[in-house]
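Take a look at the structure set out below.
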Amino acid sequence: MNFLTLENVSKSYGEKLLFQNIGLHLDKGQKIGLIAKNGTGKSTLMRVIAGKEGSEGEGAKITLRKDIRIGWLDQEPNFPPGMDVLGAVLDPTNPLVRVVQRYEKALLHHENPVTDESKAGEPSYDKSTAEPSFGKPTAEPSFGKPTAGKDGDELTEAIAEMDQQNAWTFEAKVKETLSRFRMNDYEQKVGTLSGGQQKRLALVKILLEEPDFLILDEPTNHLDVEMIEWLEEYLQQPGITLFMVTHDRYFLENVCDSIIELEGGQLRRYSGSYSDYLEKKALREENEVTTYERQNKLLKNELDWVRKSPQARTTKAKARVDAYFNRKEVNDSLKKTKDELSLSIKETWLGGKIVELHNISKSFGDKKLIEHFSYKFKRKERVGIVGQNGSGKSTFLQLITQMLPPDTGKVVVGDTVTFGHYRQEGLHLKEDRRVIDAVRDIADYIPLDKGKELSAAQLLERFLFSRPQQQVYVSQLSGGEKRRLYLLTVLMKNPNFLILDEPTNDLDVLTLQVLEDFLEDFPGCLVVVTHDRYFMDRLVDHLFIFEGDGKIKDFNGSYAEYRAQKRSEKQVTDAGAVSVGSTAFSSQPSTVNSQRSTLTSTERNEMKKLDKEIAALEARKKQILERFNAADLGADEAGKLSAELGKLQEDLDVKEMRWLELAERG
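Following this line, the structure appears as structure tokens:
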């Protein structure tokens, strides 16, 4: 079943052509990832497909199946600032929300029938603002009083619809999804949320709506790794149809069955996963290089003929000369994309003392982020930092660079250390400066080995800023291009201790490949905070795991190895065995905090008790749902059962969460 077709679609901004006469076909169940350089039209194409922007071009045609619901995740979601978190995700256009609203309206009508004829015709139910009460003990549901004139069949029909839509668990699903994305304060106003929190809230809203066709622009931005892995597994479901842009290459590999590349204003489609795309693209480029070399010989021969022949003065010959130079420009451009500057950064001397952390602690209010942590960095060390959002990762980086003082302990930085710190919030570029000048304001050259130098213009070229693009103003760059430029201003300082806090956000896949190549040759210390698992696996040797409550563990291995170990431990726990902990974690008492790897006898007894209580609650929940289907269900009983189901689900959530906490340590 076809969901989407694009034919002869074009788009430009001023004189800049983004894409021209492109076509695309997407069927139900397909999962497509879009790859392109920043500033070449990825987000614009997404908005055109989602119907948020118009297309251009003669004969342009965009066909979307009429009966499908689209879920669109923008880079910058727009919520009313006065709306609370729960209201933001309970969109009244969501079919499940409407089913629950109808049920609660019918239930209220039977509990409090309207008999005053003067009020019988009042329009009291506003679908545009209603939110389900979720069975909470309130005087009346939040959507207001229902109108009179409904018979007793209304509740029966509403219950049947709840059964048909499997809506009895909708409350639990809403709370579970919000909790999974760390959105636990339902009454918090959206206007007080950070940009990253609003992006997560928009993602939760879309997931709860369960649309037929998902269009996601950078869905992994502002998610921690646990959230990403859950979303990855969710999107792998066969029934989900997906078109997305993401820089997360593991995400592309594990979710997508096709990759589309936007390059030179045209789309090129590669069937298969991200690794299949890399193989097929490499083969295509090899063929193009061969073709380029063959064409170049023909073109040179033709130019020699044109120069020597008197016929070169004719109009026809002039056209052949023009054609030569046009083709030469295209081929030279092609060759330039294949050529990469081979460079080896000159190592800046690091003394014996680099950065030493002596028993440092840091808290904000009652929240412990780091407690009694000690570590001494060594030359050429590469550390990845892993933990949930808000666990203290960015604070840790600020302690290293002495931007923040520790509450206890001390940080000692060696005299030879030069920090380069790329920060999430550190984008402060002068909009009225040209790109090349923004880099030259830092330095004109980076020293290389053997007395060579790399100019600012050459470094910009290596990071995909062409010579013409280097002359444009910073204000004309896309968000991703500005991030890339900011990164270069950090690298131009020639640091020997490089700290990168979420460097992959807003960078495209091609830029990430270039950055990884550069960092693999970087001779100094490297500390990375990133949710990009591919980036971390390629560059770091060991991990600092921020476990919460101030605890940090040192894991000797890659992130993939760490996750494999955690999965193995969970399987053992699920099988009822007791985990003995990992020998891969550093056990030095002076550098990490010890934590019990087994439960006390009291906790084991608590876990057994929870097993029984959870089973009893599940059984009662089943009884309630079965009773809702009974033909003799009265209004009073239905109201009591609804309230009981809401309270029961809350108890079940609490007990299951506690059981999981114990299971993680068991």
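Residues in the sequence shown are numbered consecutively from 122, following my numbering.
Ideal Cβ placement from N, Cα and C applies to all residues, glycine included.
Small disclaimer: the values here were computed from a predicted structure and weren't measured.
Contact set for residue i: own chain, Cβ-Cβ below 7 Å, skip 5 residues either direction
i, result
"Ser463", "Only weak support is given to the placement of Ser463: the predicted model assigns it a pLDDT of 42, under 50, and the value that follows is read from those uncertain coordinates. Counting only Cβ-Cβ distances below 7 Å, and skipping sequence neighbours, we find nothing."
"Thr610", "Ala559, Val560, Ile563"
"Ser484", "Leu490, Asp528"
"Leu633", "His368, Thr625, Phe656"
"Trp470", "Thr537"
"Glu384", "Ala157"
"His663", "Val504, Asp675, Phe676, Asn677, Gly678"
"Phe291", "Leu217, Val221"
"Arg168", "Glu174"
"Asn817", "For residue 817 there is no data in the structure shown, the boundaries of the chain being 122 and 787."
Opposing strand residues paired with residue i [DSSP bridges]
i, result
"Arg654", "For Arg654, which the question treats as bridged, DSSP gives no partner whatsoever."
"Ile189", "Paired residues: none, contrary to the question."
"Phe364", "Ile153, Ile336"
"Cys646", "Phe618"
"Tyr391", "Ile380"
"Gly669", "Lys672"
"Val532", "Leu478"
"Pro568", "Glu574"
"Glu177", "Ser131"
"Arg503", "Leu647"
"Ile183", "Leu127"
Expected contact under 8 Å - CB spacing of residue i and residue j to nearest Å
i, j, result
"Leu628", "Arg605", "6 Å"
"Glu353", "Phe334", "Glu353 to Phe334, Cβ: 19 Å. No contact."
"Lys163", "Val325", "24 Å between Cβ atoms; not a contact."
"Arg194", "Asp345", "Rather than Arg, the amino acid found at residue 194 in this sequence is Leu. Rounded, the Cβ-Cβ distance is 17 Å, inconsistent with contact."
"Arg741", "Leu769", "6 Å"
"Tyr594", "Arg555", "6 Å"
"Val650", "Ser515", "7 Å"
"Leu773", "Ile745", "At roughly 12 Å, the Cβ-Cβ gap does not stay under 8 Å, so Leu773 and Ile745 are not in contact."
Spatial distance of residue i from residue j (CA atoms)
i, j, result
"Glu637", "Phe656", "7 Å"
"Asp205", "Arg321", "14 Å"
"Ser495", "Tyr543", "23 Å"
"Val218", "Trp780", "30 Å"
"Gly513", "Phe667", "7 Å"
"Tyr398", "Ile380", "6 Å"
"Met122", "Leu155", "21 Å"
"Val630", "Arg390", "16 Å"
"Tyr395", "Leu147", "18 Å"
"Lys294", "Thr411", "56 Å"
"Leu731", "Lys182", "58 Å"
"Val210", "Phe200", "10 Å"
"Glu275", "Glu771", "27 Å"
"Asp284", "Gly671", "46 Å"
"Asp622", "Asn129", "41 Å"
"Gly755", "Gln545", "57 Å"
"Glu477", "Leu525", "15 Å"
"Glu197", "Asn342", "11 Å"
"Lys761", "Thr165", "51 Å"
"Ile153", "Leu125", "12 Å"
"Glu492", "Glu782", "21 Å"
"Arg370", "Ile349", "12 Å"
"Met843", "Gly192", "What the structure shows of the chain is the stretch from 122 to 787, and residue 843 is not part of that stretch, so it cannot be assessed."
"Thr278", "Arg223", "At residue 278 the sequence reads Glu, which differs from the Thr that was named. Cα to Cα, Glu278 sits roughly 9 Å from Arg223."
"Ser131", "Ile170", "12 Å"
"Ala227", "Ser315", "38 Å"
"Gly393", "Glu282", "40 Å"
"Ser300", "Arg405", "45 Å"
"Ile729", "Tyr307", "It is worth fixing the name first, because residue 729 is Lys in this sequence and not Ile. Answer to the nearest angstrom: the Cα atoms are 32 Å apart."
"Glu297", "Leu388", "39 Å"
Cut-off 6 Å between Cβ atoms - residues of its own chain near residue i, not counting five sequence neighbours on either side
i, result
"Gly535", "Gly472, Lys474, Ile475"
"Ile620", "Leu518, His542, Val648"
"Phe618", "Val538, Phe540, Gly645, Cys646"
"Gly386", "Leu138, Phe140, Gln141"
"Lys457", "Interpretation of Lys457 is limited by its pLDDT of 48, a score under 50 that renders its predicted location unreliable; no figure is taken from the coordinates."
"His479", "Ser495, Gly530, Lys531"
"Asp272", "Summary for Asp272: the model assigns pLDDT 46, below 50, so the residue's position carries little reliability; its value from the coordinates is reported in the next sentence. Correct list: empty, nothing qualifies."
Other residues of its chain near residue i: CB distance less than 8 Å, five sequence neighbours each side excluded
i, result
"Gly150", "Pro359, Gly360, Ile361, Thr362"
"Val661", "Arg503, Val504, Gly505, Leu647, Val649, Ser679, Tyr680"
"Gln286", "Pro216, Leu217, Val220"
Does the stretch 495–509 come close enough to the stretch 644–651 to have 3 or more Cβ pairs within less than 8 Å? yes
Touch test, the stretch 590–609 against the stretch 153–160, Cβ-Cβ under 8 Å, three pairs minimum: yes
Any contact between the stretch 176–186 and the stretch 123–142? By contact I mean 3 or more CB pairs, one from each, below 8 Å. yes
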